[in-house]
Amino acid sequence: MSGNSSTQRRGFAEKAEKDRRQTLVLAAVLAETEPDLLERALKVAPQRMRAAMAPVAGRLIPVAAAHAGLQEVPWRAGA
């Protein structure tokens with residue numbers, strides 16, 4: 844995982860927020876077009892990546908409420 848990801852970024856709140864919004868848009872598209880792909884990717888993601896996603900997922904899941912498909916993705920799977 845890159846040190847520039849929004850899960851690791853410090854002091855760049857606006858950029859990190861933009862990254863999170865972009866993540867939600869991309870995840871929503873995947874949830875609509877390839878629902879199993881997102882879940883499979885999360886299952887095979889390295890533990891370090893899943894651990895970094897867990898705290899961010901807690902903030903993103905409520906925001907993702909507008910995208911029904913995203914509510915079914917196991918964001919914390921294996922974290």
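For the sequence shown, the working numbering assigns the number 922 to the last residue and increments by one with no breaks.
Using N, Cα and C, we set each Cβ at its ideal position, and we do this for glycine too.
If you're wondering where the values come from, they're calculated on a predicted model, not measured in any experiment.
Can you round the beta-carbon distance between residue i and residue j to whole angstroms, since I take them to be within the 8 Å contact cut?
{"i": "H910", "j": "A884", "result": "Incorrect: roughly 17 Å between the Cβ atoms, too far for contact."}
{"i": "L903", "j": "L867", "result": "6 Å"}
{"i": "A871", "j": "L913", "result": "6 Å"}
On the criterion of 16 or more Cβ atoms from any shown chain inside 10 Å, does residue i qualify as buried, or is it exposed?
{"i": "L880", "result": "exposed"}
{"i": "A900", "result": "buried"}
{"i": "A908", "result": "exposed"}
Mind checking which residues open and close the alpha helix (DSSP H) that includes residue i?
{"i": "E877", "result": "Careful: E877 lies outside any alpha helix (DSSP H) and carries neither H nor E."}
{"i": "A895", "result": "890-906"}
Going by C-alpha distance, which of the options is nearest residue i?
{"i": "E915", "options": "Q865, E882, D862", "result": "E882"}
With a cut-off of 8 Å, does the C-beta of residue i fall near any C-beta of chain B?
{"i": "M892", "result": "Reference to chain B is not applicable here, since this structure consists of a single protein chain."}
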